[in-house]
Amino acid sequence: IGESVININHYATKKSVAESMLDVALFMANAAQLKAVLEQGPSFHYYVALIVLISVSLFFQMTIGILLIVMARMNLNDVAKQQRLDLLNNITTILVFITVIINIFITAFGVQKTGLYPNSYGRRFY
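If you read the sequence shown in my numbering, its first letter stands for residue 5, the second for the next number, and so on.
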């Protein structure tokens, strides 16, 4: 009976690509949140906190993206690189966890729909 052999490099590359796509989606969501906070202006109660949280989240996401690219390009079958790959994978996992926690706070303190234009316009819409 023929057993199918799993190409570990191929599997890891697919996993990294999928994670990168999720990272891009979250990056776009954070960019939209940053825009909404900036449009609300400094009078928004959590303005500074959200600017900092969103900026840190965006920075971590860029770092995660770079780490995923580096890991995807490395050969898992090369024993000499496995320890480094394991370290990079652990760092990436920790950064993803921290990014999730940060985004929970961003969502909790984020800009809600108020029915008002941003402060710079000073108009209501109905």
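Where a beta carbon is used, it is the ideal one built from N, C-alpha and C, also for glycine.
One thing to note: N34 has its Cβ within 7 Å of the Cβ of L62. Counted as a single uninterrupted DSSP element, the alpha helix (DSSP H) harbouring D90 occupies residues V83 to F113. Spatial neighbours of Q86 in its own chain (CB-CB distance under 8 Å, excluding positions within 5 residues in sequence) are listed in chain order as L80. The region 48-59 makes no contact with the region 83-102; the number of CB pairs closer than 8 Å stays below 3. Short of 6 Å from the beta carbon of F31, and not among the five residues preceding or following it, lie these beta carbons of its own chain, in chain order: Q65.
Looking at the backbone, the Cα of Q37 and that of R88 are separated by about 35 Å. The Cβ-Cβ distance between V115 and V41 falls below 7 Å. Counting only the Cα atoms, V56 lies some 13 Å from T111.
Residues I106 of the same chain have their beta carbon placed closer than 7 Å to that of V60, with the five preceding and five following residues left out of the count.
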